[in-house]
Structures are given as structure tokens and as C-alpha cells.
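See structure below.
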Ligand code: CA2
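Numbering (my numbering), first residue to last: 51 to 200.
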């Protein structure tokens, strides 16, 4: 791990709409608000925070994290439940992976109950709204530190 940890926080499709619609499910924070929360929670660590609506772009960024990040936090949005390609990309990483969701998909529609990403994730944090991201940053920093010490 680099001297200062580098956390990649990657966000999947439609999360750019946060704060504009469905606040009852996803809360009132915009993605920019969530980025600020992550940066605050990360302290001195570097946060690389991105969002894309495109599966291939998300996979390119996961591959980039392989060599550039100390840990990866990912909210793949709907790709959580559909993307074997994303799972394969995540499986190639040896850094900790924290799967992060605003809502708790296990308490929603049946089609959200299965997560391909969980098969590669070190830890999953879901159901705390925007706070899920802060908890994910804390967990990612701890997991990255454990790897250095081990
Ligand atoms: O709870 C989460 O964080 C999810 O990853 C959000 C995804 C959903 O497909 C997952 O099952 C759980 C959906 C993100 C869509 O975000 C929107 C935000 C505002 C308005 C419309 C969609």
C-alpha cells in the first residue's frame, strides 16, 4: 500500500440522479454530498470518487483500482444484480473490496436479493442511506491497514 492510502469509490448507473428523485428510498443527499462525506471520513487518505452509467467504464475503473488503490468501495447500483463481467473484474483484485448500498436490497424486490458483487466483496454495507458510504470508508481503511500489518 502507498504511504497515504488511496480509496477508489466507484458508483454505477443512475446514482448521478441522487437527491433529485426517490428520496424516500435513497435520501436527500446528492452524489456530490456523498463525495464530501467520503472525503471527510477518509481524513488524510486520498479519495478517487467517480460515477458512470456504463458497465464497461465501471470495469475499466475496477481494473485501474487493481494497481492504483489500497482498497475499493463500490456501489454498482443495478449492475450489482446483473453483471458477471463486473464480478470477473472484481475477482482479479487483491485489495479489499467493500460493496456499498444506500438502501438494503435484501428488503426490497426479489430481483434485488441476489448480488454477484457480494461473491467478490470482502464486506458489504447496506441500508444506512448516505451513511453507508462513511461506514464503507471506515471499513476500507481498516481492511487496507490490516493488509499492511499482516
Ligand atoms: O441502494 C443502493 O445503493 C442501490 O445500489 C441503488 C440502485 C439499485 O439498483 C440497487 O438495487 C441498490 C439504484 C440506483 C438508482 O439511483 C437513483 C437515484 C435517484 C433517482 C433514481 C435512481
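For each residue, glycine too, the CB sits at the ideal point set by N, CA and C.
Residue i, buried or exposed, once every other Cβ within 10 Å from all chains shown has been counted against 16
| i | result |
| --- | --- |
| residue 149 | buried |
| residue 122 | buried |
| residue 79 | buried |
| residue 169 | exposed |
| residue 161 | exposed |
| residue 155 | buried |
| residue 73 | exposed |
Contact test: residue i Cβ vs the ligand CA2 heavy atom, cutoff 7 Å
| i | result |
| --- | --- |
| residue 64 | yes |
| residue 127 | yes |
| residue 151 | yes |
| residue 76 | yes |
| residue 104 | no |
| residue 55 | no |
Residue i to residue j span [Cα, whole Å]
| i | j | result |
| --- | --- | --- |
| residue 118 | residue 55 | 10 Å |
| residue 140 | residue 62 | 14 Å |
Proximity below 8 Å, CB of residue i to CB of residue j
| i | j | result |
| --- | --- | --- |
| residue 67 | residue 109 | no |
| residue 115 | residue 64 | no |
| residue 183 | residue 133 | no |
| residue 60 | residue 112 | yes |
| residue 83 | residue 180 | yes |
Presumed contact (8 Å Cβ cut-off) between residue i and residue j, rounded CB distance
| i | j | result |
| --- | --- | --- |
| residue 188 | residue 91 | 6 Å |
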